[in-house]
Amino acid sequence: RAMVETVTRKQSFTKRLVKLKWLRCLDSAIASNKAWLSLSDMRSIGRRLGIKSTTEIDEMLSLFHELGMVLHFTGTDSLRQIIVVKPQWLINKVGCVIKDSDVHDYPMSLEKSGLKEDLNTFLHSGIASVDLLHHLWDNEQCEFLMDLLRQMLIMSDWKFNNETKMLIPSVIKNEHVFDTRIEADSNVCVFDFSSSFLPLGVFERLVCLIVQHSSSSSGAEPLIARNFSQISLPKRNGITIMLVNEPKLQRFKLVVLESENSDLAFDIVASMLRKIVSEAMHNRLDFSVLFKSREDQKGMIEYNEAKRQKLKPWFRDEPDAKNSSASGNKDSGAISDVINVDLTTFMEYLDKLD
């Protein structure tokens, strides 16, 4: 403990001067004994204490969020409107949905509410109805919570078969037995994390992003399992990809069935992975990329060598900024200019790739 205190006192934020009225505003928010406050409530408290500028309120909330005093997310308008004063409230709300059903029960009231079938579907496929989520969250700040899980890349919209539901891959337990013979007649890209490690949640976040992208069209409903997904991308009359998670080997594979679409499929998946590394891993996760072409059965080829050879079908003959920068290196990446933008802008960028 003494060591922690010594190191903490040396941190730059401990020497930062904070206006007294900001601290009084924080004390008032905590004294309200509410789990969360609306932005208008916080502004009212600020005005009473002499903080009349909305810009100053935003600066104050940004500092307190950075220090972990409150939680104020700004990725969407729905998130901006809520300030979480008691983080345990947020943990409890997320835990109402994402938990190990073998250890923690879901409420018995679901059966009385006619949502038992919705729960069974959710536990089997990870697909939750909006009604189920509202019930689990007691109809409290549901839009805020759904927006937050989207921004954290834990949840994605599931808009297939004229339905709007939500996908949370991390709750899925069933595994898919992948037929490795498919690889022999397909193009395969491996994202290898063995030089460091493949954290839990990376694969699931990638599935979320791809499903969100796929939901922008009326394509075929994806097949999602704990270790596998087969998804149709809304590009070039449809691109069918498979993602195969191999956690024991610290890697996952991208399998593209149509050769002519391999380059674009790689651009999209590599861009999404770089976004995840930036957003969820704070650029502290390294990986390497290897390719195999069904036209060339020499084995896996490392990214830089494949790029030098212009390995077909992963790389185009013409100079192309997309392929030339989609490696796993931190300072390259197909989306080096947009990985730090908000999620909506990022998804709009992907829609323009072709």
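Using this note's numbering, the letters of the sequence shown correspond one by one to residues 711 to 1064. Built from N, CA and C at the ideal position, the CB exists for glycine as well.
Identify the residues that DSSP records as bridge partners of residue i: which are they?
i: Trp-868; result: Lys-875
i: Ile-1002; result: Looking at the sequence provided, one finds Lys at residue 1002 rather than Ile. Bridge partners of Lys-1002: Val-898.
i: Leu-781; result: Val-794
i: Leu-933; result: Gln-940
i: Trp-1024; result: For Trp-1024, which the question treats as bridged, DSSP gives no partner whatsoever.
i: Ser-748; result: Ile-792
By the three-class DSSP mapping on this structure, what secondary structure does residue i have?
i: Gln-721; result: coil
i: Ile-920; result: helix
i: Lys-803; result: helix
i: Ile-740; result: helix
i: Glu-769; result: helix
i: Trp-732; result: helix
i: Gly-1009; result: strand
i: Val-794; result: strand
i: Leu-759; result: coil
i: Ser-906; result: coil
i: Ser-925; result: coil
i: Ser-988; result: helix
i: Leu-1060; result: helix
i: Ile-892; result: helix
i: Val-1051; result: coil
i: Ser-754; result: helix
i: Thr-786; result: coil
i: Val-714; result: helix
i: Val-881; result: helix
i: Asp-1041; result: Caution applies to Asp-1041, whose pLDDT of 40 falls short of 50 and renders its modelled position unreliable; the model cannot decide the point.
i: Ala-809; result: Note that residue 809 corresponds to Lys in the displayed sequence, not to Ala. If DSSP states are grouped into helix, strand and coil, Lys-809 belongs with coil.
i: Arg-726; result: coil
i: Phe-997; result: coil
i: Asn-1014; result: helix
i: His-814; result: coil
i: Val-887; result: coil
i: Ala-1036; result: At Ala-1036 the pLDDT is 49, less than 50, meaning the model places this residue with poor confidence; the figure from the coordinates comes in the next sentence. In this structure, Ala-1036 counts as coil in the three-state DSSP scheme.
For the beta strand (DSSP E) that residue i lies in, which residues bound it at each end?
i: Asn-897; result: 897-902
So that I know if they touch, is there some Cβ in chain C lying closer than 8 Å to that of residue i?
i: Leu-859; result: Given the protein chain composition of this structure (a single chain), no chain C is represented.
Going by DSSP, what residue range makes up the alpha helix (DSSP H) through residue i?
i: Leu-855; result: 852-861
i: Leu-846; result: 840-846
i: Ser-835; result: 826-835
i: Ser-819; result: 819-822
Just checking residue i against the ligand GTP - is the residue's beta carbon closer than 7 Å to any of the ligand's heavy atoms?
i: Met-713; result: The ligand GTP is absent from the structure shown, which contains no ligand whatsoever.
| said: Quick check on the DSSP output: what are the complete beta strand (DSSP E) runs of length 3 or more inside the segment 938-983, in order along the chain? | reply: Within the segment 938-983, the complete beta strand (DSSP E) segments of 3 residues or longer fall at 938-943, 949-956 and 961-966, listed in chain order.
| query | Just checking, does the segment 807-817 make contact with the segment 790-797 on the three C-beta pairs under 8 Å criterion? | reply | Contact between the segment 807-817 and the segment 790-797 is absent, because fewer than three Cβ pairs lie under 8 Å.
| Is the number of C-beta pairs between the segment 816-823 and the segment 773-789 that are closer than 8 Å three or more? | With contact defined as three or more Cβ pairs closer than 8 Å, the segment 816-823 and the segment 773-789 are not in contact.
| message | Can you confirm whether the segment 853-873 touches the segment 906-919 when touching is taken to mean that 3 or more C-beta pairs between the two stretches lie within less than 8 Å? | response | Result yes; three or more Cβ-Cβ pairs closer than 8 Å.
| said: Counting beta carbon pairs with one atom in the segment 891-900 and one in the segment 948-968, are three or more of them shorter than 8 Å? | reply: Yes, they touch.
| message | I want to know whether the segment 775-782 touches the segment 828-844 - three or more CB-CB distances under 8 Å. | response | The segment 828-844 and the segment 775-782 do not touch, with fewer than three beta-carbon pairs separated by less than 8 Å.
| task | Pair every Cβ in the segment 955-973 with every Cβ in the segment 895-907, then say whether three or more of these pairs are closer than 8 Å. | result | Result yes; three or more Cβ-Cβ pairs closer than 8 Å.
| For the 8 Å Cβ check, are there 3 or more pairs between the segment 1014-1021 and the segment 972-991? | Proximity of the segment 1014-1021 to the segment 972-991 falls short of the contact definition, fewer than three beta-carbon pairs being nearer than 8 Å.
| request: Pair every Cβ in the segment 935-947 with every Cβ in the segment 876-887, then say whether three or more of these pairs are closer than 8 Å. | output: Contact holds: three or more Cβ-Cβ distances are below 8 Å.
| said: Quick test of the definition: if touching needs 3 or more C-beta pairs under 8 Å, does the segment 754-770 touch the segment 831-840? | reply: Verdict: no, contact absent.
| query | Would you call the segment 845-863 and the segment 903-910 in contact, with 3 or more CB pairs under 8 Å? | reply | Cβ pair count under 8 Å is below three, so no.
| Touch check for the segment 972-986 and the segment 866-882: three-plus C-beta pairs under 8 Å? | Contact between the segment 972-986 and the segment 866-882 is absent: fewer than three C-beta pairs spanning the two stretches fall below 8 Å.
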